[in-house]
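Trainee: Protein chains in written order, with UniProt numbering: chain A, 1 to 469; chain B, 1 to 469.
Just so it is clear, CB atoms sit at the ideal spot from N, CA and C, and this is done for glycine as well.
For clarity, every value in this text was computed on a predicted model and none was experimentally measured.
1. Using only alpha-carbon positions, find the residue among A:32, A:451, A:44, A:108 that is nearest to residue 362 of chain B.
2. Return the Cβ separation of residue 258 of chain A and residue 227 of chain A in integer angstroms, given the expectation that the two are a contact with Cβ distance under 8 Å.
3. Where does residue 412 of chain B fall in DSSP's three states?
4. Leaving out five residues before and five after residue 336 of chain A in sequence, what residues of the same chain have Cβ atoms less than 6 Å from its Cβ?
5. Does the beta carbon of residue 26 of chain B sit closer than 9 Å to a beta carbon anywhere in chain A?
6. Residues in the region 333–361 of chain A with C-beta within 7 Å of chain B's C-beta atoms, listed in sequence order?
7. Where does residue 42 of chain B sit, in a helix, a strand or coil, going by DSSP?
8. How many angstroms separate the CA atom of residue 101 of chain A from the CA atom of residue 110 of chain A?
9. Hey, is residue 397 of chain A's beta-carbon within less than 9 Å of any beta-carbon in chain B?
10. Can you find a C-beta in chain B that's less than 9 Å from the C-beta of residue 58 of chain A?
11. DSSP three-state label for residue 114 of chain B, please.
12. For residue 440 of chain A, report the span of its beta strand (DSSP E) as first-last.
13. Is residue 284 of chain A helix, strand or coil when you go by DSSP?
14. What are the partner residues of residue 424 of chain A, as DSSP defines its beta bridges?
15. Just verifying my parser: in three-state terms, what is the DSSP assignment at residue 273 of chain B?
16. Please report the distance separating the alpha-carbon of residue 399 of chain B from that of residue 29 of chain A.
17. Quick one: using the 10 Å Cβ neighbour count with 16 as the cut-off for buried, is residue 222 of chain B buried or exposed?
18. Less than 9 Å between CB atoms is the rule here; does residue 192 of chain A satisfy it with respect to chain B?
19. Given a threshold of 16 other Cβ atoms within 10 Å of its Cβ, counted over all protein chains shown, does residue 137 of chain A qualify as buried or as exposed?
20. Shorter than 9 Å from the beta carbon of residue 374 of chain A to some beta carbon of chain B?
21. Starting from residue 76 of chain B, follow the alpha helix (DSSP H) in both directions and report where the run begins and ends.
22. Beta carbon of residue 212 of chain B, beta carbon of residue 117 of chain A: below 9 Å?
23. Check whether the Cβ of residue 261 of chain B lies closer than 9 Å to any Cβ atom in chain A.
24. Given this structure, state the Cα-to-Cα distance separating residue 199 of chain A from residue 432 of chain B, to the nearest angstrom.
25. What number of angstroms, rounded off, separates the C-alpha of residue 50 of chain A from the C-alpha of residue 66 of chain B?
26. Can the beta-carbon of residue 396 of chain A be found closer than 9 Å to that of residue 352 of chain A?
27. Based on the DSSP output, what are the partners of residue 50 of chain A in its beta bridges?
28. Here's a check: name, in chain order, each residue in its chain whose Cβ is nearer than 6 Å to the Cβ of residue 369 of chain A, leaving out the five neighbours to either side.
29. Buried or exposed for residue 79 of chain A, going by 16 or more other Cβ atoms inside 10 Å?
30. I want to verify the contact list: residues of chain B whose CB lies under 8 Å from the CB of residue 240 of chain A, in sequence order.
31. At what residues does the beta strand (DSSP E) containing residue 230 of chain B begin and finish?
32. With 9 Å set as the bound, which would you pick, yes or no: does the beta-carbon of residue 65 of chain B sit closer than that to a beta-carbon of chain A?
33. Can you pull the chain A residues whose beta carbon is under 7 Å from the beta carbon of residue 405 of chain B, in chain order?
34. Can you tell me where the beta strand (DSSP E) with residue 93 of chain A in it begins and where it stops?
35. Based on the DSSP output, what are the partners of residue 81 of chain A in its beta bridges?
36. Would residue 326 of chain B pass as a contact of residue 426 of chain B if the rule is Cβ separation under 9 Å?
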């Protein structure tokens, strides 16, 4: 069982029960059946007693609000039933005092609360999410160890439930006030982490040292990293989780680092800055193109706009910029139609953000793609994680980039395909740019975009000033 | 697939293949059958694409040397066969260039190397470890996704194999030169982390800020935390993984933090220091007792000595000290026989250390307890993790402590049981000590103890000096 920072618990207590009540009321309006959700429990790292930092299931967190472990909730017609055990004496010895089931029930506004073993009864007739079966099986194993037989309750009752998944997607996609308050906290600390990273770069010798300074801010604020940090002079490796490279004065450093609050809400920020504190002219030229794409997308954010059109806007802005620089040859629209931009911008312009950094990606593309849509297999679209019209209350990332990925640019077939669209000699003059990405977290409002991460500047001169501090 | 820091890879290359050859030769002398070991793969945090920092299986790391993911090895009569796939183009795009199967095979001295799908053949007649079944099933799932059918190869072939587990315990328990070199690196960085924690305490407001400074050292050295850090003014919570408390001038801060090298070898260090930089007289009195127990155990370390006798020596030293202070009443030996020490020192004096921070605890007590021995259910012995005669080459922790755990001291039955052995009024004068632990990593040599973590002082005055820096 987890306990929260007392000050956070106090803050939460004022609004948590009411926020949760509204969420399950909205769920009840969408599904006529009872629902069981499990928190999950510790995951072993190399042996059972040495576990990864615990992370409760996001679906559970959305409706239970607190990062409980080894717990389940049943939601039915707006009623909340909590299943969890009070700590044993041994648990108290090793893990300290923790809230009792009754205290948790009061904090989250549960209508009833029972020991975990009673989940067998709670499961009767309830719908569950396939993505939560791992958590469920873990709870069952826990109970089997206590000699509780769940077999009867399970028979035929546990099945995937698309209607439930769709209802939860509808709810979690539109971030309520409780969610936004948490997302703002995550953004605030993540901004401080990036500022610390920029400030330490002048003294740092390696990527690892910059990462350490950034994550130290997150740790010092008693938050976790929402995802594996990317802090690298090889930004062209899109999910680079190595930190061993030395920093050279001519390098760009790409940092994609975000914090997660204690109740699980994420931020996701990328900045790219020059190790020397000054962009070279080639770096500045490409940085300005990525920034233009970033700004153009954010300018267009409002309810009703297709996220896919933002992606294509980013593609076209980048293609235009590369034509202007003489790297691409041809008409921007035609280049985008032929996916030539994807040689340099091979990923999507962003994704949903919430309790998960790619929100609800545990459900595959159910959240990311509107009903009836599915992923394209086009080179320039296959990595697009979100294809829906924007709605007020959604939070999305906007994160265009420019990369020179050897595996893409040197692939013979692709090289032939784009032979005439790329001025390879001109491109060679930009060899000091391996990867640039600029990523902010954006709330969709009726008035347009509210950039939750706006306090961290994006302009090249502002970035240089931060590195020079 | 993982790649290593290039400088580390260079260092390893000189000795790695030979170290691994010796290890599997020694295994071949102990088991007459072929063996399959799996690395495991990424574990999802909240959805499949957001994973915990990868940690390969320790058994795999011992014989394969490198933190490969989605790989298997077959060991037979000293021969090493590697099963892994080369990175696909998409993997190269997202994760960057990685070593090919052939390059890895050369680095670790494999006699043959095949794609992962060939593990079905490699599994023929091979023994496996039950503790690795999770990793195995993950590999199978990976292959099923590639439409490789392993059913035939599996039928009746995969079973727990006690002989294999025992052989591996015999090998891994005696740390070879390759292991010791890694353990020294982990110790060095962990010592720096503790020094940073002490140095930052004067400016820090919360536990979280001290933790951040300590883990930043580990991160900056491109290592991971070997286990969930404990950094707390509530040291009486034995596995406290919360960091929200403010630091008060009268508090003791207990920090149990250790680094793990890139190839998985752990350090495990605890120090306890006064937030103010100066122990109070009550804190100093109890600190000196714990330190006396720590030193007495280390003085006795040599081959042939029973680890359990070290535990009992720590218990008796603590009991003596508490009698001298007037907290316990009676004869120390008699108090220990009645487990009165365990009111204040309720855990074991330490454990094996190696690739796992509790080495090989994934095999239950097979490594910790000599054949024919099992855990006592005595209050003062049930948490003892190691009960074997020491052998040259073992690395163990020595970590006595003193705690005032409310859940223990206020438990009515226990309170009655020890009513006459404790001077509760005298104890109340030590209320500013909630938890003290002093933990070092000790290599057993023919000449006695070699303390791998000796560069970090334990004396109260030396600790005060570090906090005051």
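Mentor: From the atom records:
1. A:44
2. 6 Å
3. In the structure shown, residue 412 of chain B falls within a helical segment according to DSSP collapsed to helix, strand and coil.
4. 315, 316, 319
5. no
6. 346, 356, 357, 358, 361
7. Coil at residue 42 of chain B, not helix or strand.
8. 10 Å
9. no
10. yes
11. In this structure, residue 114 of chain B counts as strand in the three-state DSSP scheme.
12. DSSP places residue 440 of chain A inside the beta strand (DSSP E), whose first and last residues are 440–445.
13. helix
14. Residue 424 of chain A is not bridged to any residue.
15. strand
16. 56 Å
17. buried
18. no
19. exposed
20. no
21. Segment 72–76 is the beta strand (DSSP E) holding residue 76 of chain B; no alpha helix (DSSP H) there.
22. no
23. no
24. 39 Å
25. One C-alpha to the other measures close to 20 Å.
26. yes
27. Partner(s): A:47.
28. 387
29. exposed
30. 95, 96
31. 230–232
32. For residue 65 of chain B, the answer is no, since every Cβ of chain A falls outside 9 Å of its Cβ.
33. Residues of chain A passing the Cβ test: 93.
34. Note, residue 93 of chain A: premise wrong, no beta strand (DSSP E); alpha helix (DSSP H) at 89–95.
35. A:74, A:112
36. At a Cβ-Cβ threshold of 9 Å, residue 326 of chain B and residue 426 of chain B count as neighbours.
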